[in-house]
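For the record, in the sequence shown the residue sitting at position 236 is 235 according to numbering that gives the first Met the number 0, with numbers rising by one throughout.
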Amino acid sequence: MTATAAPTTAPFRFFDVQVARVRRLCPSMIRITFTGDRLDELASGGRDQRFKLFLPQPHQTAPVFEDLSEAWYTAWRAQDPAERPVMRSYTIREQRHDPAEFDVDFALHGADGPAAAGGGPASRWALAARPGDRLTVLAPAVADNGGVDFRPPPGTDWILLTGDETALPAIAGILSWLSPGTTAKVWLETGHPDDRQPLPTFADAEVTWLVRDPAAARRGEPVLDALRAADLPAGTPYAWIAGEAGTVKAVRRHLVGERGFDRRAVKFTGYWRRGASEEDLLAELTAAAGGK
Ligand SMILES: Cc1cc2nc3c(=O)[nH]c(=O)nc-3n(C[C@H](O)[C@H](O)[C@H](O)COP(=O)(O)OP(=O)(O)OC[C@H]3O[C@@H](n4cnc5c(N)ncnc54)[C@H](O)[C@@H]3O)c2cc1C
């Protein structure tokens, strides 16, 4: 499982962007629309298109890089952590042309509930974002790129999707991409009943919204309980699972172990892990790769 893939540049490129609009979608999510020079050269592959977002430090007005060449990652790692841009992974919720812009839906998180100013740097940044705020993104320059994971193989009969708020933008992108009549079963866990949003699709999709109990000891239980109780369609499935890493692991185990899904037909990605920031996850990946 990749909690956060080590960033590659090609066919990705750096774009300087600024906030065009901010819209509170629901209690747990904010949609931020970005615009910028040369954004017509950004090419999202749709579905769960991932990209890297670079935030300025609180005392800066724009991210400060020492090197934006092919060697940027080495330079970024060597930079003072208090000065270098904060790197986070997000999903392109929707890209539009004329004018060139794209949306990112940020899940708000923090110790005191979705509207609190807790959480991590990205969640806090989104909550405070205003038109004109500047960021840098490392985003695809060609639509067929390695940042799209949702790739059901030929012969797939139906699709299973599960996730929490962080995976909602990707699930929305996947549903809008599916061919007419595709059977899709979707389980989405959120923090508030008003987090439901329309998910336009031509697919024959059944979406089950599950609201967490804030007092529940563990996240992810509603999705697992619902899956365990579900009657799944016959035929060859393809599953895409994202959200909190522990939940993702448990859902995968259920599908492969108890439901007999072919493990190659289960794409699973931990989008975040309880108690670990994205720096912590990146440090683990770096250590596992021998410090490279
Ligand atoms: C490929 C990919 C695509 C993603 N797309 C999106 C997206 O489109 N929208 C989106 O909102 N997120 C998305 N995420 C998840 C997002 O990157 C993480 O939630 C990230 O940790 C947020 O950064 P932060 O600075 O707010 O928190 P961090 O500084 O990384 O973490 C601080 C603390 O908050 C906790 N935390 C992090 N996220 C959550 C959460 N959602 N709920 C509760 N606690 C949390 C951590 O465990 C940690 O203890 C994606 C992740 C990946 C890998």
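From the three backbone atoms N, C-alpha and C, an ideal C-beta is built for every residue, glycine too.
Specify the secondary structure class of P139 as computed by DSSP and reduced to three states. DSSP places P139 in strand when its eight states are reduced to three.
Comparing C-alpha positions only, which one of W75, H58, P57 sits nearest to E65? W75
Can the beta-carbon of A136 be found closer than 8 Å to that of V16? One detail in the question is off: residue 136 reads as Val in this sequence, not Ala. Between V136 and V16, the CB-CB gap stays under 8 Å.
Please say whether T34 and R133 have beta carbons closer to each other than 8 Å? no
Measuring from the CB of P120, is there a heavy atom of ligand 1 at a distance below 7 Å? yes
Host alpha helix (DSSP H) of S27 (start-end): Note, S27: premise wrong, no alpha helix (DSSP H); not H, not E.
Burial state of A202 (16 or more Cβ within 10 Å): Residue burial is scored here from C-beta neighbours: A202 has at least 16 other C-beta atoms within 10 angstroms and is therefore classed as buried.
Relative to ligand 1, is the shortest distance from any of its heavy atoms to the C-beta of P168 smaller than 7 Å? P168: yes, Cβ under 7 Å from ligand 1.
Using 7 Å as the cut-off, classify the Cβ of S276 as near or not near the heavy atoms of ligand 1, replying yes or no. Yes, the beta carbon of S276 sits closer than 7 Å to at least one heavy atom of ligand 1.
Pairwise C-alpha distance: A140 and P120: 26 Å
Can we count R22 as close to ligand 2, meaning its CB is less than 7 Å from some heavy atom? Looking at this structure, you won't find ligand 2 anywhere; what it does contain is ligand 1.
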